[in-house]
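**Q**
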Amino acid sequence: MTTQENAQFANSLGALYQGIAQQMGTFLHANIDTMTQAQINTLADDQGRVLSFSNTFLTLSDNIAFAGSDACFAAITQATAEINADIKKIDNINKWITVAAGVITMGAAVVSGNLGGVGTGLASFITALKS
Amino acid sequence: MHYIIVTIIRNLVLLVAAAGLFTSCVDLKAVNTYAESSQKSFLAENVPAYGYAAYVYDSAYIFGVGRFLKYYDADSAQAIGFDTIIAKEYSLLAAYFNALAKLSGSSETIHADTLTGALAAGTYGSFTITTTEAGVATELGVAAKFLLTAGIRDKDIKNNLSKNWPAVKGLLDTLALHHSNLQLKIANLQSNLELRSDTLARSASTAAERWSVVYDYKEKIRELSAVIHKYEIKRTMIANILKGYQKLLDDDSHWKSKDLKDKIGRLVAEINYLSNSSKN
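Residue numbers (my numbering), protein chains in the order written: chain A, 222 to 352; chain B, 115 to 394.
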């Protein structure tokens with residue numbers, strides 16, 4: 222991949238995570254009156270981590286330096302459409318917590334260059350999305 | 115005497131015929147209106163007012179935590195550097211399109227001084243200008259200078275457009291990417307602001323406390339939404355400028371076909387509208 226493609230890829234990852242964080246926020250905003258304090262804390266912490274990954278990817282994009290993007294690009298591109306289509310349908314807190322865990326695992330794997338972890342994270346949250 | 119008058123008349127006829135021949139070969143009006151509207155889109159007044167420095171200031175308190183005010187202070191030194199880079203990209207593009215407008219018929223004065231101090235490769239905090247990016251910017255600066263000097267004698271605009279396409283596209287793509295990155299970061303600010311406000315309002319012990327959280331949340335969300343909207347407009351404007359350039363390059367009618375003129379006319383109208391809408 223060229224440097225421009227790398228930067229574009231990091232930007233699209235940042236956008237993906239931004240979209241997920243926004244949906245988590247929309248869910249929390251709509252259901253905060255019926256959630257327990259423990260559930261709010263868990264979801265809020267997870268959303269904070271997802272936002273942090275999004276910012277990391279966007280900063281990487283400005284840096285135009287992104288190692289290993291070739292390998293995870295295909296896997297993530299394939300999953301992105303699926304995620305965008307299904308994420309708005311998540312209607313309960315337990316499913317959100319499972320999806321968030323997978324998203325965070327994937328983000329950590331991409332940032333640390335552990336490409337095996339990308340697949341693990343993807344598989345767990347796509348299963349949760351479909352359930 | 116009679117011979118001199120005949121010669122003068124003959125020369126005048128030849129001159130008019132030559133001018134007519136030239137103008138009938140190519141129609142520069144489409145290029146000129148396109149270049150003028152593109153140039154206006156990148157003038158200093160269009161450089162985003164809410165840039166990286168404003169973002170750093172806001173993110174320090176929207177993402178920050180701590181008991182004392184000092185924990186919410188921001189160091190904007192790097193961010194000011196990023197904003198300078200963005201301003202230089204605007205300046206270079208304005209200079210290039212200004213030169214193109216001049217070459218294709220505009221009579222406005224051109225300020226070549228905007229071309230000095232083009233981007234240099236290097237790391238500016240967490241913002242990196244690669245040698246490729248710097249090269250593209252330098253090429254564009256050189257192209258604009260060429261159009262302003264030797265280019266005036268070389269009226270082969272199509273050849274110039276074609277030669278400069280990689281540099282123009284490279285810089286426009288980079289600028290659009292920088293804008294997209296910042297726009298998404300501002301959207302993240304909004305998400306975190308909503309998250310904090312939601313949880314603070316829920317745990318507020320008095321109605322007055324809760325109202326204070328709600329008021330601040332609503333005011334800031336509105337401000338950030340307006341900034342995001344302006345970035346969206348700027349990115350559409352850049353995409354249209356790229357589209358216009360591509361259409362001029364792809365045309366094989368010497369820019370005389372009605373279809374091309376209509377398409378460029380629509381793009382120019384849209385670019386002008388977007389450019390005015392995104393002004394600070």
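By construction, the Cβ of each residue, glycine as well, lies at the ideal position given by its N, Cα and C atoms.
1. For my contact list, B/Asn302 and A/Ser282 are in at a C-beta cut-off of 8 Å; report their separation, rounded to the angstrom.
2. Given a threshold of 16 other Cβ atoms within 10 Å of its Cβ, counted over all protein chains shown, does B/Tyr185 qualify as buried or as exposed?
3. Determine the direct distance from the alpha carbon of B/Lys143 to that of B/Gly219, and round the result to whole angstroms.
4. Can you list, in chain order, the residues of its chain whose CB lies under 7 Å from that of B/Asp270, leaving out five sequence neighbours each side?
5. Could you tell me which chain B residues have their CB closer than 8 Å to the CB of A/Gln239, listed as they occur along the chain?
6. Can you tell me whether DSSP reads B/Ser190 as helix, strand or coil?
7. Assign A/Asn227 to buried or exposed, taking buried as 16 or more other Cβ atoms, counted over all protein chains shown, within 10 Å of its Cβ.
8. Quick check: is the beta carbon of A/Ser233 nearer than 7 Å to any beta carbon in chain B?
9. Mind listing the chain B neighbours of A/Asn276? Cutoff is C-beta to C-beta under 8 Å, in chain order.
10. Leaving out five residues on either side along the sequence, give the residues of the same chain with a beta carbon under 6 Å from the beta carbon of B/Val161.
11. Quick one, which residues of the region 244 to 255 of chain A are near chain B if we go by CB-CB under 7 Å, in chain order?
12. Within 7 Å of any Cβ in chain B, is that where the Cβ of A/Ala242 sits?
13. Should A/Leu272 and B/Ser305 be called a contact, given that it needs their Cβ atoms to be closer than 7 Å?
14. Can you confirm whether the region 191 to 199 of chain B touches the region 374 to 383 of chain B when touching is taken to mean that 3 or more C-beta pairs between the two stretches lie within less than 8 Å?
15. Which residue from B/Leu338, B/Tyr329 and B/Ala215 puts its Cα closest to that of B/Tyr164?
16. Are A/Gly340 and A/Phe278 close, meaning C-beta to C-beta below 7 Å?
17. Give a yes or no on whether the minimum CB-CB distance between B/Arg316 and chain A is below 7 Å.
18. By the criterion of Cβ-Cβ separation under 8 Å, what are the contact partners of A/Ala265 in chain B?
19. Which first and last residues belong to the alpha helix (DSSP H) in which B/His368 is found?
20. Check the Cβ-Cβ distances between A/Ala228 and every residue of chain B, and say whether any is below 7 Å.
21. Is it true that the CB of B/Met351 sits closer than 7 Å to the CB of B/Ser151?
22. Does any C-beta atom of chain B lie closer than 7 Å to the C-beta of A/Ala344?
23. Please work out which residues of its chain come closer than 8 Å, Cβ to Cβ, to B/Gly358, disregarding the five sequence neighbours upstream and downstream, and give them in chain order.
24. List the residues of chain A that B/Val190 touches, going by C-beta distances under 8 Å, in chain order.
25. Alpha carbon to alpha carbon, what distance is there between B/Leu206 and B/Ser389?
26. CA-CA distance, A/Thr223 and B/Ala281?
27. Below 8 Å on the Cβ atoms is my contact criterion, and I expect B/Tyr169 with B/Lys299 to pass it. Report the Cβ-Cβ distance as a whole number of Å.
28. Let me see if you follow: with CB-CB separation under 7 Å, is A/Leu350 close to chain B or not?
29. State yes or no: is the beta carbon of A/Leu272 nearer than 7 Å to at least one beta carbon in chain B?
30. Please list, in chain order, the chain B residues whose beta carbon lies closer than 8 Å to that of A/Ala259.
31. Report yes if the C-beta distance between A/Ala349 and A/Thr319 is below 7 Å; otherwise report no.
32. Comparing the C-beta of A/Asp307 with each C-beta of chain B, is any distance below 7 Å?
33. Are B/Ile347 and B/Ser392 close, meaning C-beta to C-beta below 7 Å?
34. Assign B/Lys393 to one of three DSSP states: helix, strand, or coil.
35. Return helix, strand or coil for B/Gly219, following the three-state DSSP convention.
36. On the three-state DSSP scale, how would you describe B/Gly178?
**A** According to the structure shown:
1. That pair is no contact at about 13 Å.
2. exposed
3. 8 Å
4. none
5. Leu298, Ala301, Asn302 and Ser305
6. coil
7. buried
8. no
9. Lys299 and Asn302
10. Ala201 and Tyr204
11. Gly246, Leu249, His250 and Ile253
12. yes
13. yes
14. no
15. B/Leu338
16. no
17. yes
18. Leu309 and Thr313
19. Element bounds for B/His368: n/a, residue is neither H nor E.
20. yes
21. no
22. no
23. Tyr148, Ser152, Ile378, Leu381, Val382 and Ile385
24. The question names Val, but residue 190 of chain B is Ser in the sequence shown. Within 8 Å Cβ-Cβ: nothing; B/Ser190 doesn't reach chain A, min ~16 Å.
25. 17 Å
26. 16 Å
27. 6 Å
28. no
29. yes
30. None at all; the shortest Cβ gap to chain B is about 13 Å.
31. yes
32. no
33. yes
34. coil
35. coil
36. coil
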